[in-house]
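Numbering (my numbering), first residue to last: 8 to 316.
Okay, structure first, notes after.
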């Protein structure tokens, strides 16, 4: 059952504007949201340091934007603790907390390409680079849908049809994100099974990588991050599809556990077991292609000189 709303002219809690009349129907927890804001702020700084240190530029961009958006979103909820009717606080948190996980999943999507390049493209249905192109493109589309929906809902007048339009766009984006996550999980599982079945024919470097504890810990971190983000997205579907002020949306404890804690776990796993030192192959390849070409030309030139002599 959807709770009744307060008059449209309400700007702060008062006799005619009870907190129950807001969309969430409660004062967002100051302690909980302050913790999340601080955690993601620190995670952002650590991700920037690690990205620069290990040159994992694309991974850093995804995790950097994700942690930044999470931090801003929870700052918005802190503002709403002081004033549940704050439009600025609501706008910040509804947009940022909706789109943030899509950036983090982008970091996860990068992994499969480098797994294929490390263990062998012959075990994959498509070239490794296409995994990144396909899943990042889908991630961007889900991000656009969720961002557009969040922006529409944030700027819509209470009770207007645009508010429902924004909600529907966000739901479409989240559902699409879940579908893409499931497809990615299926593609990764299928490839890893093929690699396992052909483990006797793997290259020495692939065998060495597979037995490294750091690599195994990184893969475990990716799996954990994948599961908790998928859990968060599944939770968001009924939370958003039930309509504004529905019971799920107005339950802060569920939101903290199934959204905030899930993304904390994902971020923590991908920060502690960072690919920079756990899976160096995921580091930047900028310039490596040209370097390899020059090396091949030099080697070829040396061979030619030897033949001519």
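Beta carbons are placed, not taken as given, at the ideal position from N, Cα and C, and that holds for glycine.
Query: Might you give, ordered along the chain, the residues of its own chain that have their beta carbon closer than 6 Å to the beta carbon of residue 283, omitting 5 neighbours on each side?; Result: 57, 61, 63
Query: Less than 6 Å between C-beta atoms, sequence neighbours within five positions excluded: which residues of the same chain meet that for residue 35?; Result: 84, 87, 88
Query: Give the secondary structure of residue 285 by DSSP, where H, G and I count as helix, E and B as strand, and everything else as coil.; Result: helix
Query: For residue 12, collect the residues of the same chain with a Cβ closer than 6 Å to its Cβ; drop the 5 residues on either side in sequence, then sort them by chain order.; Result: 28
Query: Taking a contact to mean a Cβ-Cβ separation below 8 Å, would you say residue 161 touches residue 174 in this structure?; Result: no
Query: So, using beta-carbon positions, are residue 289 and residue 112 closer together than 8 Å?; Result: no
Query: Classify residue 121: buried if its beta carbon has 16 or more other beta carbons within 10 angstroms, exposed otherwise.; Result: buried
Query: Under the DSSP definition of a beta bridge, which residues are partnered with residue 21?; Result: 24
Query: Can you find the residues in the same chain that come closer than 7 Å, C-beta to C-beta, to residue 51, ignoring five residues on each side of it along the sequence?; Result: 71, 74, 75, 78
Query: Measure the alpha-carbon distance for residue 231 versus residue 48 and round it to whole angstroms.; Result: 21 Å
Query: So, at 6 Å on beta carbons, what are the nonlocal neighbours of residue 246 in its own chain, with the 5 sequence-adjacent residues on each side left out?; Result: 255, 256
Query: For residue 24 and residue 14, I'd like the C-alpha separation in whole angstroms.; Result: 7 Å
Query: Comparing C-alpha positions only, which one of 184, 220, 261 sits nearest to residue 145?; Result: 184
Query: Using the Cβ count rule (16 or more neighbours within 10 Å means buried), how would you classify residue 251?; Result: buried
Query: Which residue's Cα is closest to the Cα of residue 21: 39, 90, 46, 69?; Result: 90
Query: Secondary structure at residue 15, three-state DSSP: helix, strand or coil?; Result: coil
Query: What's the C-alpha gap between residue 260 and residue 132?; Result: 43 Å
Query: When the Cα atoms are used, what is the spatial distance from residue 151 to residue 17?; Result: 31 Å
Query: Classify residue 91 as helix, strand or coil using the three-state DSSP reduction.; Result: coil
Query: With distances taken from CA atoms, which of 104, 206, 53 is nearest residue 276?; Result: 53
Query: Rounded to a whole number of angstroms, what is the C-alpha to C-alpha distance between residue 181 and residue 243?; Result: 7 Å
Query: Enumerate in chain order the residues of its own chain whose CB-to-CB distance from residue 139 is below 7 Å, with the five nearest sequence positions on each side excluded.; Result: 116, 117, 120
Query: Looking at the unbroken alpha helix (DSSP H) that takes in residue 55, where does it start and where does it end?; Result: 37–61
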